[in-house]
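Residue numbers (the working numbering): -17 to 330.
C-beta: ideal position from N, C-alpha, C; glycine also.
What follows is a short report on a single structure.
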């Protein structure tokens, strides 16, 4: 585990303050033997407020931007930060294409996003996209290449975390196959249009990548023992390696590519949590995690800011540290080559 990148994050500061507050209260109780209810109430209120404010992170003013000529793809816009990002990008003028599982569902979500953004329905288009099925990814990309002549931003937002072993349609481990290979393949297929448009590719990763040790990704993906967080973390490390190698290969051709940590957010990724953990986790997240809107700000910053540096990792609306492993260019190259071979091996 690489701790240094984590220590500067709002959720870490908030959690540490919460722990310190509990320790101070416990120590005070031991010394004074008791607190009056009013003191306990005021102390809890103040500590809760400070904990929540520490979690908020840096602001980013979106309304100062106008992108009326931009075409943007957002994957995973059904809910959470992807949905927020799609709404906010539409509000400032973009034509937003959302990739969502199921054509009927995609069209329904597109209408809801248009309503939330208060823009015409023509500005939000929903297409079926399932990153766990490379044949669907190919169909989606081919349709984009046929219908769009320009693509300004590809926001690779979609991700999954599963709490039982499962595979993608092509037989890949579900986390690596969906969170990395699906995203990698989509980007590869759209690359001619992205380069032509001198576009920006924004890959959502996570500070979870810091939990992967120097051994890196185990490309055998053993199903036993099954550790969902470890597998998810591997896929998020692969997202950064994808960014590093994509920038090395195409950064000098006008392509801007970045990766980011959106923050710790209670999103739909938590829907698979066992019920026994759901309520305590939600309470903790209410105190120390970002809201979905706050979580979307770094994505929006990476999409819109003129100060973005290609190949960089961002968190909390700012350049951030990633793990030393994530910056290993040789491992990034090897991950790229493995991904290409894996996809070609499925005749894609």
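Endpoints, the alpha helix (DSSP H) within which residue i is located
i, result
"residue 229", "210 to 232"
"residue 91", "85 to 99"
"residue 64", "62 to 73"
"residue 125", "116 to 129"
"residue 12", "-8 to 14"
"residue -16", "Where residue -16 is concerned, there is no enclosing alpha helix (DSSP H), given that its DSSP letter is neither H nor E."
"residue 186", "Note, residue 186: premise wrong, no alpha helix (DSSP H); beta strand (DSSP E) at 182 to 186."
"residue 21", "19 to 38"
Cβ neighbour criterion (16 or more within 10 Å) applied to residue i
i, result
"residue 24", "exposed"
"residue 224", "buried"
"residue -9", "buried"
"residue 46", "exposed"
"residue 167", "buried"
"residue 124", "exposed"
"residue -13", "buried"
"residue 101", "buried"
"residue 229", "buried"
"residue 97", "exposed"
"residue 329", "exposed"
"residue 236", "exposed"
"residue 191", "buried"
"residue 272", "buried"
"residue 305", "buried"
"residue 319", "exposed"
"residue 19", "exposed"
"residue 207", "exposed"
"residue 22", "exposed"
"residue 313", "buried"
"residue 393", "Shown here, the chain extends from -17 to 330; a query on residue 393 therefore has no answer."
"residue 258", "exposed"
"residue 52", "buried"
Residue range of the unbroken beta strand (DSSP E) whose run includes residue i
i, result
"residue 77", "77 to 82"
"residue 353", "Since the first residue of the chain shown is -17 and the last is 330, residue 353 is not available in this structure."
"residue 242", "238 to 243"
"residue 325", "Unbroken run through residue 325 is the alpha helix (DSSP H), 311 to 326; no beta strand (DSSP E)."
"residue 273", "It is not in any beta strand (DSSP E) - residue 273 carries neither H nor E in the DSSP assignment."
"residue 58", "No beta strand (DSSP E) holds residue 58; DSSP gives it neither H nor E."
"residue 107", "106 to 110"
Nearest residue (CA-CA) to residue i, options the options
i, options, result
"residue 214", "85, 22, 189", "189"
"residue 155", "113, 203, 328, 312", "203"
"residue 6", "29, 273, -15, -10", "29"
"residue 150", "115, 138, 137, 177", "115"
"residue 74", "62, 50, 290", "50"
"residue 26", "117, 8, 109", "8"
"residue 180", "233, 312, 143", "233"
"residue -1", "270, 324, 280", "270"
"residue 57", "96, 79, 197", "79"
"residue 141", "165, -15, 268", "165"
"residue 128", "159, 174, 143", "174"
"residue 327", "52, 152, 99", "152"
"residue 172", "-4, 55, 313", "55"
"residue 69", "196, 108, 317, -15", "108"
"residue 242", "290, 71, -6", "290"
"residue 86", "313, 18, 104, 110", "110"
"residue 178", "227, 121, 132", "132"
"residue 105", "265, 99, 77", "77"
"residue 338", "1, 308, 145", "Shown here, the chain extends from -17 to 330; a query on residue 338 therefore has no answer."
"residue 160", "113, 185, 206", "113"
"residue 147", "72, 95, 120, 211", "211"
"residue 199", "264, 122, 83, 162", "162"
"residue 138", "3, 81, 295", "81"
"residue 239", "209, 119, 186", "186"
"residue 292", "22, 227, 14", "227"
"residue 71", "122, 83, 84, 92", "92"
"residue 274", "67, -5, -11", "67"
"residue 84", "313, 103, 99, 121", "121"
"residue 2", "32, 265, -16, 13", "32"
"residue 316", "170, 157, 201, 134", "201"
Contact test: residue i Cβ vs the ligand NAP heavy atom, cutoff 7 Å
i, result
"residue 10", "Ligands are entirely absent from the displayed structure, and the ligand NAP is therefore not among its contents."
query = Per the contact definition of three or more C-beta pairs closer than 8 Å, is the segment 34 to 41 in contact with the segment 284 to 304?
reply = The answer is yes - the segment 34 to 41 touches the segment 284 to 304, with three or more Cβ pairs under 8 Å.
message = Contact between the segment 281 to 291 and the segment 208 to 220 is defined here as three or more beta-carbon pairs at a separation below 8 Å; is this criterion met?
response = Touching, no.
key: Ranges of the beta strand (DSSP E) found wholly within the segment 135 to 168, counting only runs of at least 3   = Correct list: 135 to 138.
inquiry  = I'd like the ranges of any beta strand (DSSP E) spanning at least 3 consecutive residues and lying wholly in the segment 276 to 302.
reply    = Runs found: 295 to 297.
query = Are the segment 272 to 283 and the segment 62 to 73 touching by the rule of at least three beta carbon pairs closer than 8 Å?
reply = With the cut-off at 8 Å, the segment 272 to 283 and the segment 62 to 73 touch.
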